[in-house]
Amino acid sequence: MFLEIISGIFSISAGTITALLWIIVLLRKQGIQFIEHPFERLFHIAAELIMSILAIVGGIALILQLTWGLYLFLFAMGLILYAIVNAIGIYGKKKYKMLLIVLVISAVLTFVLVIIDFVFLVFLA
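If you number the sequence shown the way our numbering does, the last residue is 112 and the count never jumps.
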């Protein structure tokens, strides 16, 4: 139960932070600073907002120990890992060093959490 709570909070936090970041960027009309091309920016933001929703729902379902919660959580973690790795590529060429450090640390933490969850919750449950 402890691992489910930690993982659920992580998932909810990652989803909420990502959604809030893009909402603030959109409200301030600063999206062009991050991704110049409007078509690419539209789909990037849409993908990250979908990922955010699934991460929040998956985290809540995991904490509530719903039978499908673990599967949605692991799927959402895959989406988060993909989004982080993609963001490293996008923002790496823009020379945002602090953002890159945060993203690399986030990628490592997410990967470690997924491996731990997969081993303990899937194989040892």
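For glycine and all other residues, C-beta sits at the position ideal for the given N, C-alpha and C.
So, are the CB atoms of Gly56 and Leu66 less than 7 Å apart? Not a contact, by the Cβ cut-off of 7 Å.
Can you tell me whether Leu84 is helix, strand or coil according to DSSP? Looking at the sequence itself, residue 84 is Lys, so the reference to Leu does not match. Helix, per DSSP.
Where does His24 sit, in a helix, a strand or coil, going by DSSP? His24 falls in the coil class under three-state DSSP.
Decide yes or no for the touch test of the region 96 to 105 against the region 74 to 84: beta carbon pairs closer than 8 Å, at least 3 of them. These segments do not touch.
Within 10 Å of its beta-carbon, does Val0 have 16 or more other beta-carbons around it, so buried, or fewer, so exposed? Sequence check: residue 0 is Ser here, not Val. It counts as exposed.
I'd like to check one pair, Ala70 with Gly45: are the Cβ atoms closer than 7 Å? Result no, Cβ atoms of Gly45 and Ala70 do not sit closer than 7 Å.
Measuring only the C-alpha atoms, how far is Val12 from Ile(-4)? Taking the straight line from one Cα to the other gives about 24 Å.
With the cut-off set at 7 Å, would you say Leu53 and Ile75 are in Cβ contact? No, they are not a contact pair.
Report all residues from its chain with a CB closer than 6 Å to the CB of Leu108; omit the five preceding and five following residues, and keep chain order. Excluding residues within five positions, the ones whose Cβ falls inside 6 Å are Leu57.
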